Each structure stands twice: as C-alpha cells, then as structure tokens.
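Yeah, the sequence shown ends on 841 if you go by numbering that gives the first Met the number 0, and it's all consecutive. All C-beta atoms, glycine included, are put in the ideal place defined by N, C-alpha and C. As the structure is a prediction and not an experimental result, all values here were calculated from the model.
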Amino acid sequence: MTKLWLCVWALLPGLCLAKEVGIHELDLSHMSAGWGKPQANQGVVGRPLRVGRKEFQLGVGTHASSRMSVALDGRAVQYSALVGVNESAGTRGSVRFRVWVDGVEKWRSPIMRGGQAALPVSVDLAGAKQLTLVVDDAGDGITFDHADWIEARVKYDGAKPMSIPDPYRLSVGVPNWPWVLVMDENRRLVQDMGAGVLADPAYPTSGNGWILEPALRVVHSTGSTGTDLRVKSMRSTELSTGQRHSVIELEDSIEPIQVDLHFLATPEHNVVEQWTEIRHRQPSAVRLTHFASSALNLEAKTYHLTQFHGDWGREATMAEEQLGIGIKVIDAKVGVRAHQFRTPGFVLSLDGALDEQKGRVIGGTLAWPGNFQFLFERQTPGEGRGDERLYVRAGMNPFGSDYLLDPGKSFVTPRMVWSFSDKGSGEMSRQLHRWARRFGMRGGDRPGPVLLNNWESTYFTFDRAKLVGLMDRAAEMGMECFLLDDGWFGATYPRDNDQQGLGDWVPIPEKMGPDVENLAKEATQRGLRFGIWIEPEMVNPRSALFEKHPDWVITHPNREPLFHRNQLILDLTRQDVQNFVFETVDRLLANSPSITFVKWDCNRFVMQPGSTGLPWDRQSHLFIEYNRALLDIWRRLAERHSHVEWMICSGGGGRVDYATLALGHEFWPSDMTDPVNRLRIQWGYSHLFPPKAMANHVTRWGNRPLDFAIDVALAGRFGFDIDLEKLSGEDLAKVRAGVEAAKSIREVVQLGDLYRLESPLTGARSALAFLRGDRAVVMVYATEAVDGRALALAGLEGEWKVRQLRGADLGISGRVVLASEGLVLPAMGALTSAVLELERVR
Ligand code: DGJ
C-alpha cells in the first residue's frame with residue numbers, strides 16, 4: 000500500500016505532497032538471506048515482528064547475511080526504519096544493519112543482539128539512484144541472526160521505488176560453472192562458494208591479511224607492500240556474439256591503484272576468459288611482483304591435476320597426480336619458445352581421477368607465448384574454513400619478472416581460458432575446441448590445405464630442380480600447398496647447415512632461382528599454394544646481421560654467450576629489432592604475393608636474460624616485453640597480410656597457446672613424427688587444443704607402415720614431409736589415397752567434435768571419433784597385435800550407414816545401429832589401422 004503523506008521539506012519552503020512505500024510491499028525475491036526466506040510482516044521463521052518485547056505489524060524479517068537493493072529515480076526523499084533481532088532468536092543472534100546509498104555506506108548500527116530494543120534509522124535519499132539494505136553477521140557467523148527491518152519505508156516524490164536484482168552480485172560464469180562474485184559488506188570482492196557461503200577473496204592481494212599465495216602483490220611508490228582492494232563498480236554487457244563481458248573495478252583507498260578484473264564468458268561453450276588490468280596514480284612507478292590473470296577458488300573432496308609436460312620430441316606427455324597439502328606449481332621460465340618443457344595448460348578433475356565421460360572437470364590454459372605459472376595451493380586441514388578448498392592462481396610467471404609500472408600506464412595480463420564440464424574431460428575438450436574454432440584461433444571455420452613440406456626429405460641440401468621436382472609430385476598427388484623449409488637464404492653465409500645464415504633473409508640464387516616470387520610461381524603454376532619457412536627472431540653469429548648489430552642479441556654483458564643450435568635470440572624489446580623483424584617478414588610477403596603460407600619457427604629459449612634495450616632497473620621486463628612485442632608484430636602482420644595462413648612452429652611444440660593461435664592457423668605439435676609416438680602427442684594436446692589447429696605430417700620416422708602413418712596424420716591438419724621422388728609406385732598410390740581421404744573427411748575431422756574413445760596411453764589399441772552434423776569418422780589404431788573386443792562409441796549412438804574408408808577390414812559396413820556399449824571389432828595386427836566414414840540414417 001502506498002500512502003500519501005503531507006511533508007515539510009526540511010530545506011525548501013512550503014508544503015509538498017510526497018508518497019511512501021513500505022519495504023514489505025516490494026518484491027522480496029530480490030532480498031538475499033543467509034538462511035530461510037525473507038518474510039513480509041513477520042520474522043524469518045514465521046513468527047511476529049517482535050523486537051525488544053514490542054510487537055510491530057509492518058516490516059520485513061530476514062536473516063544475516065542479507066541484502067536487497069532498491070532502484071530510485073533521484074527523487075526519493077528518505078529511508079526510515081527500526082531495526083533489531085527478532086525475539087525468535089531469544090538472546091542469541093548478533094547482527095549489524097547497514098544502509099548504503101549509491102554504494103556508499105550512510106548508516107551502520109552497532110552490533111545488535113537478541114533481546115535488545117529496536118533502534119531507529121533514518122537516511123536522506125536526495126538525488127540517490129540506489130538504496131541497499133544490508134545485514135551482516137557481525138563477524139561471528141550467522142547462527143540465530145534473525146534480523147527485522149521494522150516499519151521500513153521509502154518516502155519519494157517521483158517514480159515508485161522498486162527492488163532489483165543485487166547489483167553487487169555478478170555472475171561471471173557459464174551454465175556448467177556458475178561462478179558468482181559478490182561485493183561483501185566491506186566492499187571486498189569475494190567468491191560465492193554456493194549455498195550462500197561467501198568465501199575467500201576473488202582476487203587476493205598481498206599485505207592485507209591474506210597469507211596464502213596472492214594474485215597481486217605490489218610494492219607501492221611509498222615502499223608499502225600492502226594492497227587492499229575494494230569494489231568501485233561491477234557491470235556486465237551482453238555482446239552480439241552471445242558472450243558476456245563483465246568488468247569489476249577495484250581500488251585501494253590508501254595507495255592509489257586501480258585493478259580491473261575482466262571476464263569474458265561464452266555460455267554456449269562453457270568457457271570463461273579472464274584477465275586483469277592494473278594502473279595507478281602514484282607519484283612514481285610501482286613494482287608489481289605478482290600479477291595473476293585469474294584466481295579461482297574451488298571446493299571439492301579431492302583434486303586430480305593433469306599436466307602436459309615434455310621436451311623436444313616428447314611434447315604434451317600427460318601426467319596425473321592427486322594434489323596434497325601445500326603448493327604445486329606448473330610453470331615455464333625460459334621466456335621464448337617457453338612451452339618446450341610444459342604446455343601452458345592443465346586439467347583439474349574434482350572428486351575423482353580424470354575420466355573422459357564423467358565428473359567435474361576444469362581445463363585451464365594461458366593465452367601467452369611466454370613464461371607462465373599455474374599455482375595450486377591447498378591449506379592444512381583442521382584450520383576451519385577452507386579445509387577442502389583449492390586456490391588456483393594462473394598467469395604470467397612472476398619469476399625474474401618484477402615489473403615497474405609507471406603512473407598513468409596500464410598493465411594488462413594475458414587471458415586465462417577456463418573450460419568447465421560436469422561430464423568429464425571429453426566434453427571439456429569438445430567445448431574448448433568449439434570455442435577455439437569460433438573465438439580462439441584464426442581460420443577456425445575452414446579446414447587447412449593438404450601440404451608437402453620439404454624439410455625431412457632435403458634438410459638444407461636442395462636446389463631449385465629438387466624443389467620443382469617435389470612440387471610436380473605434390474601436384475600429381477592432389478596436394479594443395481608446397482611449403483619450403485629452412486635453408487633458402489643467407490647471402491654472405493649461405494644457410495647450408497644450422498651454423499650460419501640466420502638473420503640474413505636474402506634468398507640463395509643457386510638454391511632458389513632469382514627470387515622467392517619466381518619459385519613461388521612454379522608452385523602456383525602447378526595449382527599449388529606456396530609457403531615459406533622463416534625464423535626471424537633468431538640470428539647466427541656467422542651472419543651479416545650479427546656482424547652489423549652484435550648488440551641486438553639477448554645475453555648478459557661481459558659473459559660468453561651461451562648458444563643453442565648455434566644461434567642467439569634477437570632482443571625484441573628494442574624498437575630497432577622489432578622494426579627489423581616486422582619489416583623482414585612484411586617485405587618478404589609484399590615482394591612475393593604468391594606466398595600464402597608461412598611457417599614461423601623458433602629454435603631456442605633464453606638462458607641469459609640480459610637486454611641492451613631495457614634500462615638497468617627494468618631488465619626484469621625482458622620476458623614480458625619480448626612476448627608483447629612478438630604478439631604485436633604478429634598482429635600487424637596478420638592485418639597487413641590477411642590472406643596468409645600461418646603455422647607456428649618452435650622446434651616442435653615450444654609455442655602452443657591461444658595468443659599464438661590468434662595469429663596462427665595451426666601449430667606444429669612436435670618434430671616427433673613416428674606415428675606410434677605421435678598418437679600419444681596428439682592425444683595429449685587434444686585435451687586443450689582442437690585437431691583443427693594441429694599440423695600432422697606423414698614422415699618416414701620410425702619406418703612404420705606408410706598407411707599407418709597416414710591414418711595417424713589424418714586426425715588433424717594433414718600433410719607430408721616426405722621425399723615423394725624416392726617413393727615406389729606402390730607408396731605413391733598410398734600417398735594419393737591418403738590425400739583423397741583427407742579431402743573427403745577433413746570437414747568432419749577439423750570442424751567437428753572429437754570423441755577420444757580409447758587412449759593410446761593405456762593400451763595397444765586406440766580410437767578416435769569425429770562428429771559433425773550427420774557425418775562421423777572413426778579411426779582405430781593398433782600399435783601392437785590386439786585381440787578383438789568391443790569399442791565403446793560414446794557420442795555416436797543411433798543408426799548409421801557405415802563405409803570402410805581405409806585400412807584394416809573391421810567387418811562393419813552398411814546400416815548399423817551403434818550403442819554406447821559399442822561394437823565388437825576384430826583382432827588387428829601390429830601397426831595396422833582403419834578409418835570408417837559414417838552417415839546418420841534419418
Ligand atoms: C625445427 C622444426 O620443428 C622443423 O620442422 C624444421 O622446420 C626445422 N626447425 C628447420 O630448421
């Protein structure tokens with residue numbers, strides 16, 4: 000009921016008419032309560048509104064912690080009420096009532112306990128847009144915190160006040176992970192752990208009482224290491240892509256610093272990207288020593304962590320462990336080609352070991368080609384709150400990377416990409432792949448060309464006739480692109496081996512002919528696209544470039560430089576080096592318009608992080624600024640040469656991440672192309688990266704049967720790295736058949752959903768299925784002889800028309816009804832494989 004009442008404006012002369020609305024008349028579904036449900040005109044347990052032995056008729060009974068916001072139009076006048084603990088609590092219960100106007104606290108009660116008389120409150124609302132009524136637990140838990148807002152009402156002159164969804168509670172999550180962040184009564188940002196439990200800080204900072212690993216640690220210009228962030232604003236915007244971008248602005252009132260948390264949720268694929276932006280208004284630079292992109296607090300009984308470690312030739316090796324008490328870190332410290340020893344991602348399984356088809360699974364990967372750190376911390380049990388919690392901090396590795404941030408400058412962290420599933424790692428990966436194809440990589444919507452790379456067949460030793468001969472064969476085989484690898488450049492020091500020439504990007508006429516475009520035309524005349532290899536971040540000391548610019552390399556002053564593959568890294572923090580690298584590639588592409596494919600390689604990491612481009616007090620910026628500069632060069636090249644497709648290679652999988660894939664259409668997973676090992680490598684990577692992004696080439700490594708090698712490579716972007724001129728007629732027929740098969744199934748394989756059916760890590764038989772609309776492809780591999788047994792075909796239930804496309808006869812063809820318990824496959828010989836094509840029967 001709205002009453003009219005006669006009022007005298009305190010400061011205005013004359014009489015006016017104002018209206019009032021009781022809080023009990025508003026939609027109370029927007030009022031939260033730590034227990035029970037808020038009630039109109041009675042206490043939270045359904046008893047009368049009685050406080051301090053007095054009974055009242057009108058008001059709202061709620062329970063700490065409770066909050067409700069009311070929208071005002073700037074013409075409200077006053078809020079008034081009596082507050083106290085309902086008699087139903089006896090003498091128990093202790094709460095504090097608070098009134099916020101436009102997010103600023105205007106009134107706070109003392110701690111009120113059961114039995115005490117009600118206290119009056121009156122707050123001026125002139126000009127206000129929002130009123131928020133808060134009850135907190137007075138810091139001692141919510142037991143018996145039955146709180147009454149008695150005769151609570153808003154006097155107003157304009158539009159009628161209405162309760163609204165809590166503006167200080169933001170869902171930054173996705174259907175599979177309702178990630179909710181809440182501003183608490185002290186304006187701190189906390190994560191809602193479900194069931195109304197507001198728990199630990201959503202982005203903990205060092206020096207304000209948080210004693211576990213912080214997400215952010217700052218040495219302020221005063222020297223103080225305390226940072227205490229409070230919420231300034233919270234907002235979400237729905238984007239036309241179906242995504243939701245949430246921004247939470249946090250600030251410290253003592254040391255002027257602002258931290259914005261960004262969340263980009265893709266509900267359709269259950270993926271959330273998170274990153275952080277830091278800036279300040281202090282008189283001089285602040286030192287950032289910890290700067291996570293994301294902090295996630297988890298609650299489960301057990302945590303199983305799977306990482307993807309490795310080294311050259313052994314990339315993406317999966318290792319699972321149950322996390323115990325303490326800290327576990329997965330990281331990279333080598334700065335450039337930083338992923339050589341660990342892929343920048345992990346999979347966490349909650350309440351049980353990782354399973355393809357069941358369980359709560361979280362995949363995480365950092366979109367950053369440089370150093371990363373994923374830190375998992377579990378508290379000692381028995382300390383009360385948080386016994387079961389796991390705190391995850393993810394971002395660039397702070398190791399050796401203290402960052403001096405100048406006033407007015409902004410420090411933006413890379414994006415942490417989270418993928419959430421409640422149906423196991425299979426669904427987690429499929430969602431992430433779908434997100435990647437749509438948002439996370441270039442060219443995710445079309446399959447890649449079948450290509451021939453000359454590296455394994457020629458290494459550095461070739462001439463133009465050899466290359467043209469390979470192009471002839473490639474065209475005959477139906478391939479679509481010829482990729483010229485290392486060895487084509489180096490005027491003063493010809494690149495005839497890996498000891499010289501890097502840095503001198505001038506073609507060698509004896510190997511290439513007059514110029515790159517001229518050779519590229521040989522390819523296009525044969526109906527092939529032309530691709531070229533380049534490693535522009537690197538230099539050999541035996542090069543004209545190094546002789547001219549010995550100071551351009553990363554190393555420590557006055558020390559002997561440490562070499563790896565006889566090369567050094569150009570210091571991309573220098574503007575002149577950035578110009579050189581950009582212009583080298585830009586010029587190459589501009590002068591050779593027939594180049595439509597580039598393989599960007601990078602064959603060493605940093606061992607002596609010293610820069611001539613950075614001042615002495617900012618040497619620790621090297622790892623960060625190097626990779627920022629690299630991404631910027633890639634972005635500019637992608638803009639200028641948008642028709643070019645890129646393979647990102649780094650001596651194999653030294654650079655595999657979603658920042659790199661924003662430029663790259665594919666990555667080279669490993670130089671290890673023995674198909675038996677490749678099965679495991681591809682399986683590992685597929686947890687975080689789609690087959691669409693994986694360059695799988697057929698080589699003669701391991702001397703496995705050619706058809707087996709072809710079938711393994713068919714499970715991604717397909718190509719060959721083989722000397723076609725040396726193959727027998729029989730093998731050439733196999734190659735041609737492989738190319739045909741790749742073309743017929745690539746849309747399903749590269750653009751469809753991947754089902755990992757049987758793991759090559761646990762048995763001699765392994766299997767994959769790809770599903771796209773009404774088409775599917777099943778691939779089965781036997782690395783040793785295996786007996787016949789059923790293959791469970793999760794994801795492919797229903798009636799299908801099956802055709803054996805390649806390989807060992809599995810005895811399945813025609814109309815078949817598939818069920819999840821599977822199909823019995825026959826015994827298979829060692830190193831045999833089969834590919835089935837399926838079409839759904841409607
Ligand atoms: C390392 C890559 O992984 C190979 O594929 C090849 O491109 C060589 N570099 C060339 O030096």
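Cβ-based neighbour list, residue i, same chain, cut-off 7 Å, excluding 5 preceding and 5 following
| i | result |
| --- | --- |
| residue 47 | 41 and 54 |
| residue 57 | 21, 23, 40 and 150 |
| residue 583 | 504 and 535 |
| residue 488 | 494, 500, 503, 504, 505, 506 and 507 |
| residue 520 | 593 |
| residue 497 | 564 and 565 |
Inter-residue CB distance, residue i and residue j (contact presumed, cutoff 8 Å)
| i | j | result |
| --- | --- | --- |
| residue 609 | residue 553 | 6 Å |
| residue 606 | residue 561 | 5 Å |
| residue 900 | residue 110 | Only positions 0 to 841 of the chain appear in this structure, which leaves residue 900 out of reach. |
| residue 774 | residue 713 | Not really, about 15 Å apart at Cβ, beyond 8 Å. |
| residue 846 | residue 375 | No answer is possible for residue 846: the residues shown for the chain start at 0 and end at 841. |
6 Å Cβ shell around residue i - same chain, five flanking residues per side excluded
| i | result |
| --- | --- |
| residue 828 | 784 |
| residue 99 | 131 |
| residue 499 | 492, 539 and 541 |
| residue 354 | 423 |
| residue 647 | 599, 654, 659, 663 and 666 |
| residue 14 | Unreliable placement is indicated for residue 14, whose pLDDT of 40 sits below 50; the coordinate value is still reported in the next sentence. None. |
| residue 37 | 27, 30, 59 and 61 |
| residue 136 | 63, 64 and 144 |
| residue 927 | This structure cannot settle anything about residue 927, because the visible part of the chain is limited to 0 through 841. |
Residue j beta carbon less than 8 Å from that of residue i
| i | j | result |
| --- | --- | --- |
| residue 345 | residue 329 | yes |
| residue 214 | residue 289 | yes |
| residue 478 | residue 518 | no |
| residue 75 | residue 155 | yes |
| residue 474 | residue 723 | no |
| residue 59 | residue 84 | no |
| residue 179 | residue 191 | yes |
| residue 528 | residue 592 | no |
| residue 369 | residue 626 | yes |
| residue 373 | residue 362 | no |
| residue 233 | residue 169 | yes |
| residue 189 | residue 287 | no |
| residue 293 | residue 415 | yes |
| residue 271 | residue 181 | no |
| residue 573 | residue 403 | no |
| residue 231 | residue 211 | no |
| residue 673 | residue 700 | yes |
| residue 797 | residue 769 | no |
| residue 421 | residue 459 | no |
| residue 753 | residue 669 | no |
| residue 187 | residue 133 | no |
Ligand 2 heavy atom lying under 7 Å from the CB of residue i
| i | result |
| --- | --- |
| residue 808 | Within the structure as shown, ligand 2 is missing, the only ligands being ligand 1. |
Nonlocal neighbours in the same chain, by C-beta distance under 8 Å from residue i, ignoring five residues either side
| i | result |
| --- | --- |
| residue 70 | 128, 129, 160, 161, 162 and 163 |
| residue 385 | Note on residue 385: pLDDT 47, under 50, position unreliable in the model; the coordinate value appears next. Excluding sequence neighbours, residue 385 sits near 198, 199 and 378. |
| residue 595 | 480, 528, 529, 530, 642, 643 and 644 |
| residue 820 | 789 and 791 |
| residue 812 | 801, 802 and 803 |
Going along the chain, which residues put their C-beta within less than 6 Å of some heavy atom in ligand 1? 454, 484, 485, 532, 600, 602, 648, 650, 651, 667 and 670
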